[in-house]
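See below for the structure under consideration.
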Amino acid sequence: MRTVLRGVGELCITAGLIVMLFVTYELWGTGRYTQGQQDRLQDEMLNGWRAAKVTTEKVKLGEGLAMIRVPRFGKGYHFVVVEGVTRADLRKGPGHYPGTALPGQLGNFVVSGHRTTYSAPFNRLGELDRGDRILIDTRDRQYVYKVTDRKIVKPSATDVAAPVPFHPKRRPTERLITLTTCHPKYSAAERMIIFGELAETLPRVRPAAGK
Amino acid sequence: MYAWIWRRLPGAWPAKTAAAAGIVLAVAAVLWYALFPRLEAQIQFDHGVVQTPAPSGTPGG
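Those protein sequence lines, which keep their order, are chains A and B.
First residue of the first sequence? That's 21 in my numbering, and the numbers climb one at a time after it.
First residue of the second sequence? That's 2 in my numbering, and the numbers climb one at a time after it.
Shown next, in the form of structure tokens:
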């Protein structure tokens, strides 16, 4: 009897330790993976930008497309936006919905990202206010978008990603950005959506150290 | 359980301690690199993509 009780106790403690290790993996281990992938993607993308421009340049799925910066999240905040929104893509960083507009184009540049785990690129999206800037660096230009609205929607609300959000049939006349992430934190019940529009287009500032 | 394993480890206590630490590390490594990535994909609670039908399987974020 005593041996059985002791065995059960030991199993419970072991299970607790394993759960703690798993939580560490979710919150920290997954972020380390993303950081490694981001470093690799950033090197590849910046090297590509330095090389001579090819006229038929195409971004492949899973590769870096642009750099997103949000001044409100601090100077060091930058993530390479990956092309694609599959689970594997989003583990590498924020992902651009294939088929939606490219940065600066007429229409809607739609990006999804993790709010928790995998470096949580969009963790602080809820802190953005109207007028906050979202900077998108591409090879030659930096597109400055300004936040116009924030909404919480159902996960099935795909029309937020339409060229004109909520009006899937309408033809776009504006250059917009839409960021999607999960809401509330650590849940998949809803989505938080940040809308923005292009405010200005600048030549890309070439950073000295590549960061 | 642990007392039973401890009794079966060979050698004096320093050797036993080293063996026990090795086993713990090996188990942790298996969990971290093999089991957790698979488990994480199953219970993924962080979906940021809007899509129909609502994500449950392959794509998600």
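Just so it is clear, CB atoms sit at the ideal spot from N, CA and C, and this is done for glycine as well.
In this structure, the CA atom of residue 114 of chain A is about 12 Å from the CA atom of residue 89 of chain A. About 15 Å separates the beta carbons of residue 193 of chain A and residue 215 of chain A, which is beyond the 8 Å limit, so they are not a contact pair. In this model, residue 85 of chain A and residue 65 of chain A are separated by some 7 Å (Cα to Cα). The beta carbon of residue 92 of chain A lies closer than 7 Å to those of 147, 148 and 152 in the same chain, with the five residues before and after it left out. Scanning the stretch 33 to 81 of chain A from its first residue to its last, the whole alpha helix (DSSP H) runs of 4-plus residues come out as 50 to 70. As computed with DSSP, residue 162 of chain A is found in a beta bridge with A:157 and A:222. Listed along chain B are 49, each with a C-beta nearer than 8 Å to that of residue 142 of chain A. In this structure, DSSP gives residue 211 of chain A an extended state, which the three-state scheme calls strand. One thing to note: residue 206 of chain A has its Cβ within 8 Å of the Cβ of residue 47 of chain B. Residue burial annotation: residue 24 of chain B is exposed, with fewer than 16 other C-beta atoms found within 10 angstroms of its C-beta. For residue 177 of chain A, the C-beta contacts it makes with chain B under 7 Å involve 51, in order along the chain. For the options A:222, A:168, A:124 and A:118, the alpha carbon positioned closest to that of residue 52 of chain B is the one of A:118. Considering only A:68, A:106 and A:33, the residue with the shortest C-alpha distance to residue 50 of chain B is A:106. When beta bridges are read from the DSSP output, residue 203 of chain A appears opposite A:210. At least one C-beta of chain A is nearer than 8 Å to the C-beta of residue 29 of chain B. Collapsing the DSSP output to three states places residue 148 of chain A in coil. Interface annotation for the stretch 9 to 20 of chain B against chain A: empty, criterion Cβ-Cβ distance under 9 Å. Beta-carbon to beta-carbon, residue 139 of chain A and residue 51 of chain A are separated by about 4 Å, close enough to satisfy the 8 Å threshold. In terms of Cβ geometry, residue 219 of chain A and residue 165 of chain A form a close pair [threshold 8 Å]. A direct Cα-Cα distance of roughly 6 Å separates residue 129 of chain A from residue 123 of chain A. With fewer than 16 other Cβ atoms from the protein chains shown falling within 10 Å of its own Cβ, residue 223 of chain A counts as exposed.
Per the Cβ contact rule, the stretch 27 to 36 of chain B is in contact with the stretch 37 to 44 of chain A (3 or more Cβ pairs under 8 Å). Not one beta carbon of chain B lies nearer than 8 Å to the beta carbon of residue 113 of chain A.
Residue-level contact check: residue 202 of chain A touches chain B, since one or more beta carbons of chain B fall below 8 Å from its beta carbon.
If the five residues before and after residue 141 of chain A are omitted, its C-beta is found closer than 7 Å to the C-beta atoms of 99, 113, 114, 133 and 134, all from its own chain and listed in chain order.
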